[in-house]
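Have a look at the structure below, then the notes.
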């Protein structure tokens, strides 16, 4: 079975979240540190919001922070976020070969569904699992335990396509075959990812 990440893997959206974070912080006279950006980069909304509040000692509660992020990010997913090169062609190839495909994503469910509908991706996946609804981060081993239970699959039967180094490591430890996917947000981890992923690609066009 093929298991795909969404942000930074199938769609070029990590830059959107960099802009959202920067705008949010600039409104408060703050700047994102590398530590902050990498911690919230693939966190689920509630955990990222609480971390942001604590990290910058903000007065807003996590719900208000999430509401502002949602306001800033919604339009990009509705009209701007593009597919990565070769992504849809590879999904077509997998479907033609009879592969079962599912999505495992930390994306905000509303944003993900909006973008999938716009890009024509919805019908490719027999199941979409939102880790935000699981209540854990994708870097948490429990995310894969819960996801595999829902999919009715063993880790050894699944191949994950993912751009986040931390998630790739967790997936490999859970027994999945891991294909690391290049994204500029994690470009400085490329050498590391090539070392521990089963395969690393710059683009899905390499798999066509």
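In the working numbering, the protein residues as written are 38 to 245.
Even glycine gets a Cβ: it sits at the ideal position worked out from N, Cα and C.
Going by other Cβ atoms of all chains shown within 10 Å of its Cβ, with 16 needed for buried, is residue i buried or exposed?
i, result
"residue 178", "exposed"
"residue 66", "exposed"
"residue 139", "buried"
"residue 207", "buried"
"residue 241", "buried"
"residue 181", "buried"
"residue 43", "buried"
"residue 152", "buried"
"residue 45", "buried"
"residue 143", "buried"
"residue 135", "exposed"
"residue 78", "buried"
Beta-carbon within less than 7 Å of residue i's beta-carbon, same chain only, minus the 5 sequence neighbours each way: which residues are those?
i, result
"residue 120", "47, 48 and 156"
"residue 226", "202"
"residue 99", "83, 86, 87 and 90"
Is the Cβ-Cβ distance between residue i and residue j less than 8 Å?
i, j, result
"residue 80", "residue 174", "yes"
"residue 235", "residue 204", "no"
"residue 199", "residue 218", "yes"
"residue 125", "residue 245", "no"
"residue 237", "residue 201", "no"
"residue 93", "residue 76", "no"
"residue 86", "residue 103", "yes"
"residue 106", "residue 61", "yes"
"residue 220", "residue 59", "no"
"residue 132", "residue 164", "no"
"residue 38", "residue 137", "yes"
How is residue i classed by DSSP in three states: helix, strand or coil?
i, result
"residue 41", "strand"
"residue 16", "There is no way to answer for residue 16, as the model of the chain reaches only from 38 to 245."
"residue 176", "coil"
"residue 229", "helix"
"residue 197", "strand"
"residue 169", "helix"
"residue 191", "coil"
Among the residues of its own chain, which have a CB less than 6 Å from the CB of residue i, if the five just before and after it don't count?
i, result
"residue 40", "139, 141, 195 and 197"
"residue 170", "none"
"residue 74", "none"
Among residues of its own chain, excluding the 5 on either side of residue i, which ones have a beta-carbon nearer than 8 Å to its beta-carbon?
i, result
"residue 110", "53, 54, 57, 145 and 148"
"residue 185", "191, 192, 195 and 211"
Verify the CB distance criterion: does residue i have a CB-CB separation below 8 Å to chain B?
i, result
"residue 223", "This model lacks chain B altogether; it includes just one protein chain."
Unbroken stretches of the beta strand (DSSP E), 3 residues or longer, contained in the segment 44-88: none
Length at least 4, wholly inside the segment 113-143: the alpha helix (DSSP H) runs in chain order: 124-133
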